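Right, one structure below, let's go through it.
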Amino acid sequence: MTELPSFRRRLGLLIGFMIGLAVVLQARINGALGGRLDDGVAAATISFGGGLVLLCVALAFSRRFRSGLAAVRSALTAGTLRPWHCIGGLSGAFFIACQGITITTIGVALFTVATIGGQVASSLWVDRVGIGPGGPGAVTRNRVVGAVLALAAVVCASAGEFDAGVAALVFAILPAVAGLGIAWQQAVNGKVGAVGGPFVAAWLNFAVGTVALVVVLCGVFLVRGLPSALPDELWLYTGGALGVAFIAAGALVVRWIGVLLLGLAAVAGQVIGAVALDAFFPTGRSLTVPVLLGCALAVIAVAIAATPNHPS
């Protein structure tokens, strides 16, 4: 990757940090909606569907948006984009569903640390094979050490769940699995955004994710039935708008700073935002010493992984 102008690099890192804050806020919103509905999949579908509606309105009124979509279609026909570049929304759908299913049980801080563990580990692979628009990146000793520490942070933060039964442990593991797909999602969305623009990448992300969630939701409805009633608070339905903002922003800045730096900047925002939310607006799980130690380890992992080093 060529050397970035310092202003664009700093701006990209700042936007990445704000993306992390938005992810944490969305997690709290979707977690609360899932708790109110007693259905995390329904909450995720509402969140994704709301974002898709906003993007469809923009598509109807923006000629540039439609031109970008046509450019993506042409790239798929020519083979410069592969069909699997357009299904990053599947990872996003699973991540949003995990928010609605687990947040009220394990809290935002533990959810965030577990997500970070999966995200940092998968970033190594994504950068190495060059899935993102910036091309392949070397696997260095510091990146490997950072990934190992990030996984250790997940184990540390989840320590209280190991003696709480299988169900509680699954709630702690699910976000880590969801985190594995985040780096891949950012990379493929960046590829689509490089062709059609960030909002086209976001539209495809939300369209694919919404379809997948609706299919799963139909199965859930057949087993459990419809939720009794939708809550009245409007803030519970703002998760989709936040998702549109950070997916589009990520598709833009990943071309400036790459998958790894975008992920690291977002991690910083997630850790700070998650601890603040759980400290001042606690949910089902309060902050504990293992969770705080896990957060500290996650920050150390990010700092080490971001330090330049010779390829291994």
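If you count the sequence shown from 1, you need to add 5 to reach the working numbering. Built from N, CA and C at the ideal position, the CB exists for glycine as well. Just so it is clear, the structure is predicted and the values come from calculations on it, not from any experiment.
Indicate whether residue i and residue j have their beta-carbon atoms separated by less than 9 Å.
i	j	result
GLY97	PHE53	yes
GLY55	GLY245	yes
VAL125	ALA279	no
LEU59	VAL249	yes
LEU115	GLY299	yes
THR120	PRO180	yes
ALA306	VAL182	no
LEU26	GLY184	no
THR117	VAL29	yes
PRO287	LEU38	no
ALA212	GLY268	no
GLY3	GLY105	In the structure displayed, the chain extends from 6 to 317; residue 3 sits before or after that span and is not available.
VAL276	VAL294	no
TRP261	GLY17	yes
Quick one: Cα of residue i to Cα of residue j, how far?
i	j	result
ASP230	LEU222	Residue identity differs from the one stated: residue 230 is Gly in this sequence, not Asp. So the alpha carbons of these two residues sit roughly 10 Å apart.
VAL259	LYS196	9 Å
CYS61	LEU282	32 Å
LEU302	ALA177	17 Å
GLN31	VAL77	28 Å
PHE100	ASP44	15 Å
GLU238	ARG33	14 Å
SER128	ALA192	9 Å
ALA157	GLY122	8 Å
VAL220	GLY214	10 Å
ALA73	ALA83	Per the sequence presented here, residue 73 reads as Gly, with Ala not at that position. Between GLY73 and ALA83, the C-alpha separation is close to 15 Å.
THR151	ARG133	The residue asked about is misnamed: residue 151 is Gly in this sequence, not Thr. Each residue's alpha carbon lies about 15 Å from the other.
ILE111	ALA75	43 Å
VAL228	GLY186	28 Å
LEU247	GLY40	19 Å
VAL272	ALA102	20 Å
Using a Cβ-Cβ cut-off of 8 Å (strictly less than) and excluding sequence neighbours within five positions of residue i, which residues of its own chain qualify?
i	result
ARG15	none
PHE285	none
GLU8	Low local confidence applies: a pLDDT of 47 at GLU8 is under 50, so the model's placement there is unreliable, with the coordinate-based value given in what follows. Taken in chain order, the list of residues that qualify is empty.
THR312	ASN147
PHE12	none
VAL175	none
Excluding the five sequence neighbours on either side, which residues of its own chain have a C-beta within less than 6 Å of the C-beta of residue i, listed in chain order?
i	result
LEU218	ALA49, THR50, PHE53 and ALA98
ALA80	LEU86 and VAL200
ILE309	ASN147, VAL150 and GLY151
LEU266	none
Counting only the same chain and skipping the five closest in sequence on each side, list residues whose C-beta sits under 7 Å from that of residue i.
i	result
ALA47	LEU222 and PRO232
GLN190	GLY93, SER96 and GLY97
ASN210	GLY93, GLY94, GLY97, ASN194 and ILE252
PHE70	ALA63, LEU64, PHE204 and VAL205
ILE136	TRP189, ALA192 and VAL193
ALA207	LEU60, VAL249, ILE252, ALA253 and ALA256
TYR242	ILE51 and GLY55
CYS161	PRO295, LEU298, GLY299 and LEU302
LEU42	ALA48 and PRO232
Are any of the Cβ atoms in chain C nearer than 9 Å to that of residue i?
i	result
ARG14	Structure shown: chain C not included; a single protein chain is present.
Validate contact between the segment 20-29 and the segment 83-90 using beta carbons, cut 8 Å, 3 pairs: Result no; under three Cβ-Cβ pairs closer than 8 Å.
Continuous alpha helix (DSSP H) assignments of at least 4 residues falling wholly in the segment 34-106: 45-66 and 68-83
Those runs of the alpha helix (DSSP H) which lie wholly inside the segment 212-244 and span at least 4 residues: none
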